[in-house]
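Numbering (the working numbering), first residue to last: 39 to 335.
Here is the structure we will look at, set down as structure tokens.
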């Protein structure tokens, strides 16, 4: 994987106890991955123009603290201070030259974890970023550790190809194992919709068995491709989860470092970051999620 720089976009000006805690975590997660990828790091924080005068002294203290901490930890990174709209500033860097290879950021939970929102900044970046975005959700409590394993959500269509390709490159760089996960219930749900549209009221068992068989064959083909590129790979065909999100969250807790998924797809499995189901995934995911845009702009 090419050593393009990593952009950590973080609200270091949030000095609440929880804000400081989450800020330190997202920085540690980003720096940990950058060390493994041997990629340079830039840390971006954006100051609200309305608070420019009142925060000037506080900002200088925060900047000095950041420089001191990174120096003490032996971390080399460039700190970028910007003023204005955080989304605009992230996109300005993301679409510039040179462009980052990965944007790292966190979400902010509103009142009640079950009512988590991505937050306007994170949501806009995830929806529109050209480069992959690593999102640290509120249920992530530490830097990924243990055996290098990457979980990849796929809907087995072209919508997942870019996420799969990124996961392959990441796995090579980290010497990690890849596990593909697909929800057969999502496939059956789509097939059922087509059947209903054609006048068939239900899928018979023969049709269901055929769909499961073809889905398994498609997953085996993808596993073969990963292995041909010297990446250890296996797959999970989930048939039990009531929703694709529940299958994802359950599997995320089984010793993975990252979840990789696309932004668009025919099913809610890979459409996760575009609707309310995505928020459920982010709330409960115990590992960082890397979102890869399914199509070029």
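Where a beta carbon is used, it is the ideal one built from N, C-alpha and C, also for glycine.
Can you name the start and end residues of the alpha helix (DSSP H) that residue 207 belongs to? 199-212
Tell me residue 227's beta-bridge partners as DSSP assigns them. According to DSSP, which records beta bridges pairwise, residue 227 is partnered with nothing at all.
Would you mind stating whether residue 132 and residue 124 have Cβ atoms separated by less than 8 Å? no
Can you check whether the CB of residue 210 is closer than 8 Å to the CB of residue 141? no
Rounded to whole angstroms, how far is the Cβ of residue 327 from the Cβ of residue 276, which I believe are closer than 8 Å? In fact, because the Cβ distance is near 17 Å, the residues do not count as touching under 8 Å.
Could you please give the first and the last residue of the uninterrupted beta strand (DSSP E) stretch that includes residue 272? 271-276
Check for me: the beta strand (DSSP E) holding residue 221 runs from which residue to which? 215-221
For residue 206 and residue 298, the rounded distance between their alpha carbons: 10 Å
Using C-beta distances below 6 Å, list every residue in its chain close to residue 339, excluding the 5 sequence neighbours before and after it, in chain order. Residue 339 lies beyond the range of the chain shown here (39 to 335); nothing can be said about it.
Can you name the residues that DSSP bridges to residue 144? 174
In whole angstroms, give me the CA-to-CA distance for residue 333 and residue 202. 13 Å
CB of residue 200 within 8 Å of CB of residue 330, strictly: yes
Unbroken stretches of the beta strand (DSSP E), 3 residues or longer, contained in the stretch 40-108: 44-47, 79-85
Considering only the alpha carbon of each residue, which of 212, 323, 178, 283 lies closest to residue 186? 212
In terms of alpha-carbon separation, which member of 251, 226, 172 lies closest to residue 301? 172
Comparing C-alpha positions only, which one of 243, 64, 195 sits nearest to residue 175? 64
Could you round the C-beta distance between residue 225 and residue 253 to whole angstroms and report it? I think they count as a contact, below 8 Å. 6 Å
For residue 154, count neighbouring Cβ atoms within 10 angstroms of its own Cβ and tell me buried if that reaches 16, exposed if not. Per-residue confidence for residue 154 stands at a pLDDT of 40, beneath the threshold of 50, marking its modelled position as unreliable; the derived number appears in the next sentence. Looking at its Cβ environment, which holds 16 or more other Cβ atoms inside 10 Å, residue 154 is buried.
Compare the Cα-Cα distances from residue 218 to each of 177, 246, 285 and report the closest residue. 285
Would you call the CB atoms of residue 255 and residue 274 closer than 8 Å? no
Do you know whose CA, among 216, 168, 74, 86, lies nearest residue 129's CA? 168
Can you tell me where the alpha helix (DSSP H) holding residue 260 begins and where it ends? 243-266
Tell me which residues share the same chain as residue 69 and place their Cβ nearer than 7 Å to its Cβ, disregarding the 5 neighbours each side in the sequence. 79, 113
Return the chain-ordered list of same chain residues with a C-beta closer than 6 Å to the C-beta of residue 120, the five sequence neighbours on each side being excluded. 84, 127
In terms of DSSP beta bridges, what is residue 331 paired with? Partner(s): none; residue 331 has no beta bridge.
On the DSSP bridge list, what partners appear for residue 189? 217, 297
Whole-angstrom Cβ separation of residue 77 and residue 42, contact assumed at under 8 Å? 6 Å
Kindly indicate the opening and closing residues of the beta strand (DSSP E) around residue 117. 115-121
I believe residue 188 touches residue 164 by the beta-carbon criterion, under 8 Å. Please report the beta-carbon distance rounded to the nearest angstrom. Between residue 164 and residue 188 the Cβ distance is about 19 Å, and since that is not below 8 Å, they are no contact.
Judging by CA-CA distance, which residue of 162, 51, 262, 75 is the nearest neighbour of residue 82? 51
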